[in-house]
Structures are given as C-alpha cells and as structure tokens.
Amino acid sequence: MVRLNRIRIFQDHVTTSRLNSDRAATTGVHNDRLQDITYTPKPEREIQQDLCLTPYCIKAANYLIESIDETIEPCEDFFHFVCGTWIKNTRIPDDVESESVANARRLYKSCIDEAGIEAEGVNPILSLINSEFGGWPILQGPSWNNATFDLSNLLLTLRKYNNNPVYRVGTSTDEKNSTAYDIEVGQGGLGLGQKNYYINETSVNVAYRQFMRDLATALAIDTTTIDQDVIDVYEFEKTIAKYHWTIAEQRGRDSETVRTTVGNLSVILNTTFDFNSYLRRAYLLGNVTLFDTDIVAVSELEFLRNASIILDQTPARTIQNYMIWRFMMNRAINMPQYIRILRERFDRVFRGTTAEQPRTVLCGNYVNSNMGFAVSKLYIKEYFDENARNQSFEMINDIRSSFIEMLNQSTWMDAESRNKAIEKAQAIDQKVGYPDYLGSNNNTKLEEDYAEYNFNSSYIKNVIKLLEIKAQEDFRSLREPVDRKAWGNTAPSVVNAFYEPSRNQIIFPAGILQKPFFDKDAPKYLNYGGIGVAIGHEITHGFDDSGRQFDKDGNRLPWWTDETIQKFIERKTCIVEQYSNYTATQINKKLNGNQTQGEDIADNGGLREAYFVRIIL
C-alpha cells in the first residue's frame, strides 16, 4: 500500500520557519537574508491536483519513499535523507566489479601487453628524464650542460617518483611513541644493496658496470663519454658505500638515532646540503606543510655528514649521471624487451637467476605489490576458506601459551624481565586472513584507498603514475592517525607472515594459509609443524635482538634489566657463532651470523614453541 501520508509528512517537515531556522543555524546566514529565498508551500488543494496517481507513479512514489531515511534531518544532510535507506539495503551484485579491482585488472593487462610496451618504446621514460630530471649526461655526451644543475631539485624530483638515492626521507611510526608518525631521515640505498659488494672486485662489480654501460649504449644519442662516465659513477658510489651502515649495524642503531625537530634539523646535521628546505619541499609533494615542531628521527648521522662532503667534492655531471642511473636501473624491467634483457643479464650474475620470470607471474607480482588489497578482494572471494581463519586463531592461542610457558621455565631471565615479557606476549595483536571489510560487499574503504589509482593501456605511464602515488601516500601519512589495531600495509594475498614491532602485531595473510603450510583437513600435527612453526617464528621476533627493544605497546624503550640483557647477549652470540660456521654450498660462502641473527633466533624459537604445544596441551 502506498503511504502517501509520508509525502505530506515530508512537505510539512520543510516549513518556512524550519527552513529559515535550520539554514541560519548551519550556515550562519541571518534570517533577514533568508526572507528573499523563503519557500512557501502551495495550498493543499493545489498539491492534490498536481499528484500523479497512475499505476507507474504510485510504484515510483513507493520506491522513492522506501529509499528515504527519516532518522536524518533533511536540512542537514539531504543526500542521506533521500537515499540513506536505499544505500543501507541495496547490495551491489557480485557481477558488478568495484572500480579499484577494475583498475588492478587494467594495470595487469597493460603489464602483460608486450606488443603495446614494444610499440611505446623508451620515449615516455626518456621524455620524463629530459623534461623533469634535467637529462642524463651519459646519453648526451659532451653536449650536456650543467648550468641548470641543482642537487636539491634533482633529489626532489627523484623523491617525487619514490626514489631515495643517497638520502632517505619519509614517514614512519615514531619509535618512541607508537601512537604517532614522525619523519625519518637517513641513508638511501645503494645500487648493489650492501657496502660489502664494493670492498673487493668480483664478477658482480664487473656485471654491474657492464649493465650501466649497455643500458647507456642502447639509449644514447652520443656514446663518446660512456666509458668514462661509467667509471666516474661507479667510483662515486664506491666512495659513498664506505660510510654506509650494514644491516647488522642498523639492527642495533637505537643509541645512534638522534631525535630532533624540523626546526633544529640543520643544527644537528651541520651539512652544506640544506636538509631543512629539502624536507619541507618534499612533503609539499603530498600537500603536507611541515612545522618547526614536527619530530624527525635522524639515523646514520655520520653517513649523512660524509655523503654531503662527498657530494660537495663531486662534479655535477657525475652526480647527475649517478642519480638518473639509480632511477633507470630499476625501470629497466618496465621497458621494451631489448632493455629488459640487459637487466636479466645482470641478475644472472647478481642474483643467480637463470631466466626472466614468465610475464604473467611478473605482472601478477607487480600488481599485487602495488594494489594488493584490490587483488586480495578477488583472492578471498574465489579461493579462501573461512575455516582456515578460525583454525589459525586457535593455533595462535596455543602457540602463544606454549611461548609463555617457556618464558616461565626460563632460567636466564630475572623475574622483572620475565613478567614484562609475558605481558608483551599476552598483548600481541593477531591479524589473520584479511581485514573484515574485504570480506563484505561494502567496497567503500577499498574505493577510498585506491581513489587515485586510475590506469589506462600504457604500462610505462601507469608505472610512473604509481611511483608518484606511492610517494604522496608516504608524505600524507604523517598527518594521519595511527590505528594500532588496524590491519597494516600487508596485502592478504601475500604468501608470507610478519611481525610488526611498533604495533606488537603478528600478521598471517590469507595467502600463507594454504599448502604446504596449512590445510584445514590435515591432522593437527602437520599444521603445527607447518604454519605453527611460522606462528612461533613471528611471536619470537618480538623478543629477538631487534624486537626485544620494543615494549608491549610498540615503543622502543628499555624494559629488560641490564642483567637479563647481558645474559641474552651471551646466548645470541652463541647463535651468531653457530650460524657463521655454516657454508652455503651453492656459492661456497659462509653465512653472516650477525646479519641473519634475527631470523635465526626466530627459526629456533618457532620450532621449539610449535613442538612444545604437544607437551603442554
């Protein structure tokens, strides 16, 4: 039955007096101004004459009335008053794909379109380098003009496209206050990753320089300076690498990290390079204005000072060549085949790979690493079994109990440290499978998160756009609230597991809850020997050489007594020495126990905890 009386309710609801008072209250406009735009309803007799009472109009009226949400004040939120109930009750059909998922598909299709990639060639990337980066001297020979060279502008453009050569600038969780974000300044990356590669000349160094030479030759207008430019670039990076911190050094860097503010940054760094100005301009790329009081965590301080001196002493041509090389070496995989082959040759020596991945695998990984939650929406719907999630929660509780019992039985921890360790173990937050919103039919959050991810058929242009988006997201996060209980940045479709120290959180994505790690129909002992060990591994990370520095709330603060710390160091030294004696027979090199100690501790702990479950349960 059509409830025409509800139409009159709405008409009566918007009277002249109510309209005036509500608008004045919400807009601050005086009532005398509103007199000019006052709505005077028609007499009821005229309204009745205007009503359409055909069968269609009656159905249409009923449909519109059923869409109204009468709990909403129309003068405050007219859209949700008119459409609110419809939005609540309407389910998007399964065959209507969200725009974020559609864009993930577009990105994937552009990536596997090898014919399109070949047709576009290298012009889009070279145009970007010439128009925004100031050109690549190694391609132009002696004709490159350094008159407009500006280091700060060059680094800013590289950071715009999510590159951090030499210096690293970005946003991270404040290690001293896990409820807030801060700015992080430290060393950037190296072309070969670690400083050890630059100490002695090996086949890797030869292949690295050859890759640079071959790439420049393939793209150059003038090849006359290539050989000398390659030598200069490599020697510059080799000099920078001398002051780089190793992974092992970074793991224990807490005492070396300096907390300061944006306003005091220049005083702390004491470099000729103006970090303060660079930092402010970088964050403006994400429309974020920095204040003098914003917290900055400065790591690898001596590297930053030495790198600034080296840059001051290095010719502009070498710096420009190096910075663009660092950008281009990572973009080679996004370019036509004759360029990708050059990267593949280098990787055969550097990584031991034998062939390029199948295009479908490479593109699938690329999309998953950049739009993982959109990909996960599809994965969860098609492949994930909800029973796996429920069983995993049970296993986490069992292995946590196993770990706590092992803490109770430990003889090397004093009572104070042990009790705090138990508190931390009990406080570990677990994320399993996927965030709940991905399992619902409501795509609002997914659409909000990927609102800027609009792609077309040009793969290289999509890649460039993604780089820019990722940089902006990093900068914008500085002003966002920290939700320590939220699912982090790990996509559920990832086949891995994680421990996040700043959240004291373990994450087991849907992607790892499958064979060989887990099977819902397998006997318990198989699952505990598979995913159970991984669960124990991640829990143990909260107490390894790095994780032990963070308390139960994710703050990097001392919470063990000095006596317990000393006994821990004695035991972890034993682990380091043990693993340093192992040889990787494939490459005939011994492991670096200092570098792998965190994973080695977690491996041993995870295995023991999973096994111990059968004893205590």
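Residues 1 to 617 in UniProt numbering are what the sequence shown spells out, letter by letter. For glycine and all other residues, C-beta sits at the position ideal for the given N, C-alpha and C. Here the structure is a predicted model, which is why all the values come from computation and not from measurement.
query	result
Coil, strand or helix - aspartate 603 by DSSP	helix
Supposed contact pair phenylalanine 327 and leucine 158 - C-beta distance, whole angstroms, cut 8 Å	6 Å
Range of the contiguous beta strand (DSSP E) that encloses serine 172	167–173
Near the ligand GTP: proline 358 beta-carbon under 6 Å from a heavy atom	With respect to the ligand GTP, the structure shown offers nothing to examine, as it has no ligands at all.
Proximity of proline 137 and arginine 317 at Cβ, strictly below 7 Å	yes
Alanine 510 and tyrosine 459 closer than 7 Å at C-beta	no
Residues bridged to arginine 556 [DSSP beta-bridge criterion]	Phe550
Cβ-based burial, asparagine 504 [other Cβ within 10 Å; buried from 16]	buried
Neighbourhood of arginine 280 by C-beta, 6 Å cutoff - its chain only, sequence neighbours within 5 removed	Leu290
Residue environment, isoleucine 569, which counts as buried when at least 16 other CB atoms sit within 10 Å	exposed
C-alpha distance - alanine 427 paired with lysine 485, whole-angstrom precision	11 Å
Residues of its chain near glutamate 44, where Cβ-Cβ distance is below 7 Å and the 5 sequence neighbours each way are ignored	Here the model assigns glutamate 44 a pLDDT of 48, short of 50, so the residue's position is not dependable, and the following value carries that caveat. Excluding residues within five positions, none has a Cβ falling inside 7 Å.
Neighbourhood of glycine 186 by C-beta, 6 Å cutoff - its chain only, sequence neighbours within 5 removed	Arg168, Ser299 and Glu300
Residues near glycine 170 in its chain [Cβ-Cβ closer than 6 Å; skip 5 each side]	Glu184 and Asp474
Length-filtered (4 minimum) alpha helix (DSSP H) runs lying within the region 416–502	444–449 and 459–476
Selection from Phe81, Lys88, Val122 and Asn89 that minimises the alpha carbon distance to asparagine 334	Val122
Environment of serine 546 [buried if 16+ CB atoms lie within 10 Å]	buried
Supposed contact pair glutamine 391 and lysine 520 - C-beta distance, whole angstroms, cut 8 Å	6 Å
Where phenylalanine 508 sits in the DSSP three-state scheme	strand
Contact under 7 Å by Cβ, lysine 238 with tyrosine 198	yes
CA-to-CA distance, asparagine 145 to alanine 220, given in whole angstroms	16 Å
Terminal residues of the beta strand (DSSP E) in which isoleucine 183 lies	181–187
DSSP state of lysine 520 mapped onto helix, strand, coil	coil
As assigned by DSSP and simplified to three states, the class of arginine 351	coil
Per DSSP, cross-strand counterpart(s) of alanine 297	Glu184 and Arg259
Residue range of the unbroken alpha helix (DSSP H) whose run includes isoleucine 575	562–580
For lysine 590, the three-state DSSP class (helix, strand or coil)	strand
Residue from Glu302, Thr54 and Glu500 with nearest C-alpha to threonine 540	Glu500
Given isoleucine 615 as reference, the closest of Pro124, Asp483, Ile399 and Asn365 once Cα atoms are compared	Ile399
Where the alpha helix (DSSP H) through asparagine 330 begins and ends	316–331
Cysteine 83 versus glutamate 70 - alpha carbon distance	10 Å
Span separating the alpha-carbon of isoleucine 7 from that of leucine 51	At isoleucine 7, the pLDDT of 37 sits below 50, so the modelled position is not reliable and the matter cannot be decided from this model.
Residues that DSSP places opposite threonine 583 in a beta bridge	Lys590
Cβ shell of valine 375 (< 7 Å), same chain only, five flanking positions each side left out	Ala104, Val367, Asn368, Ala491 and Ser493
Helix, strand or coil at glutamate 120 [DSSP, three-state]	helix
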